[in-house]
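J.: Counted the way numbering that gives the first Met the number 0 counts, the sequence shown spans residues 0 to 151.
Note that the Cβ used here is the ideal one computed from N, Cα and C, for glycine as well.
Keep in mind that this is a model prediction, so the values were computed, not measured.
Starting off with a structure, shown below.
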Amino acid sequence: MKPLETTVEEVLRKAIQSEVETRAYYQAMAERAADAPARKRLLQLADAELVHRAKMERKYREEVGRPPAEPLPATIELPLDLVDLDLSRALKHALERERESESYFRFMAERVPDTKLGALFMELAEIEWKHKTDLQAEYDAAAPPDSFLNDL
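Structural data, given as structure tokens:
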């Protein structure tokens, strides 16, 4: 495997960018919600990403010693068939997004074990794991038991 060439600053910049993109993703999904409860929950998730971003920006200032640059504008293109989202489908898609983030950070942590960078990746993975488990519990409460097996 190719050695990982990055810095704490770059990792935190990417984490901040990820929060911006995830917020835009939830906002775009809210526009395709089938009903008010799904729209409301997706907008709540989008707002929560602002809090996550603020935490990442604070971590950046602590680690790097200055404020981060403004992230790039998010460009989100949802699949055309992602329409009329009810609450359980919306939660399912949100859950998948959090799973992908957690997996990415864990994979990166494995590439640089026992380093400050590895510890940062694990910290970010744990944050995403918490988001994922919260969404999983909410999804489990909202969806019929066998619905996760349905197509995304």
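(1) Do you know offhand how far R110's Cα is from S87's?
(2) Please report how far the alpha carbon of A28 lies from the alpha carbon of L81, in whole angstroms.
(3) What's the C-alpha gap between E30 and Y24?
(4) Whose C-beta lies closer than 7 Å to the C-beta of T21 among residues of the same chain, with five residues either side of it excluded?
(5) Taking A32 as the reference, give the member of L90, P112, L123 with the closest Cα.
(6) Here's a check: name, in chain order, each residue in its chain whose Cβ is nearer than 7 Å to the Cβ of R40, leaving out the five neighbours to either side.
(7) Going by the CB atoms, is the gap between P67 and L11 shorter than 8 Å?
(8) Do you know offhand how far P112's Cα is from D83's?
(9) For L84, write down the residues that DSSP places opposite it in a beta bridge.
(10) Restricting to Cα atoms, I'd like to know which of D34, A14, L71 is closest to R57.
(11) Whose C-beta lies closer than 7 Å to the C-beta of E127 among residues of the same chain, with five residues either side of it excluded?
(12) So R65 and E18 are in contact, right, with Cβ under 8 Å, and what is the actual spacing, rounded?
(13) What does the Cβ neighbour count give for F106, buried or exposed, with the cut at 16 atoms within 10 Å?
(14) Measuring straight from C-alpha to C-alpha, what distance separates A108 and F120?
T.: So, from the data block:
(1) Your numbering for residue 110 matches position 111 in the sequence shown. Your numbering for residue 87 matches position 88 in the sequence shown. Straight across, the Cα-Cα distance linking R110 with S87 is about 35 Å.
(2) For the purposes of this step, residue 28 is taken as residue 29 along the sequence shown, with counting starting at 1. For the purposes of this step, residue 81 is taken as residue 82 along the sequence shown, with counting starting at 1. According to the sequence displayed, residue 28 carries Met and not Ala. Whole-angstrom Cα-Cα distance: 8 Å.
(3) Taking the first residue of the sequence shown as position 1, residue 30 is located at position 31. Taking the first residue of the sequence shown as position 1, residue 24 is located at position 25. Each residue's alpha carbon lies about 10 Å from the other.
(4) By one-based count along the sequence shown, residue 21 stands at place 22. The residues are E48, R96.
(5) The count along the sequence shown starts at 1 and reaches residue 32 at position 33. The residue with the shortest Cα to Cα distance from A32 is L90.
(6) The residue you call residue 40 lines up with position 41 of the sequence shown. Here the set comprises L86, A89.
(7) Within the sequence shown, numbered from 1, the residue matching residue 11 stands at position 12. Within the sequence shown, numbered from 1, the residue matching residue 67 stands at position 68. It is a contact, given that the beta carbons lie within the stated cut-off.
(8) Position 113 of the sequence shown holds residue 112. Position 84 of the sequence shown holds residue 83. Between the C-alpha atoms of P112 and D83 there is a straight-line separation of about 43 Å.
(9) Counted from its first residue, the sequence shown places residue 84 at position 85. According to DSSP, which records beta bridges pairwise, L84 is partnered with A32.
(10) Stepping through the sequence shown from its first residue, residue 57 is reached at position 58. Of the candidates D34, A14, L71, the one whose C-alpha sits nearest the C-alpha of R57 is A14.
(11) Here residue 127 is taken as the residue at index 128 of the sequence shown, counted from 1. Hits under 7 Å: E97, S100, E101, F104.
(12) Taking the first residue of the sequence shown as 1, we reach residue 65 at position 66. Taking the first residue of the sequence shown as 1, we reach residue 18 at position 19. Rounded, the Cβ-Cβ distance is 19 Å, inconsistent with contact.
(13) Here residue 106 corresponds to residue number 107 of the sequence shown, with the count starting at 1. Exposed, since its Cβ has fewer than 16 Cβ neighbours within 10 Å.
(14) For the purposes of this step, residue 108 is taken as residue 109 along the sequence shown, with counting starting at 1. For the purposes of this step, residue 120 is taken as residue 121 along the sequence shown, with counting starting at 1. In this structure, the straight-line span from the alpha carbon of A108 to that of F120 is close to 5 Å.
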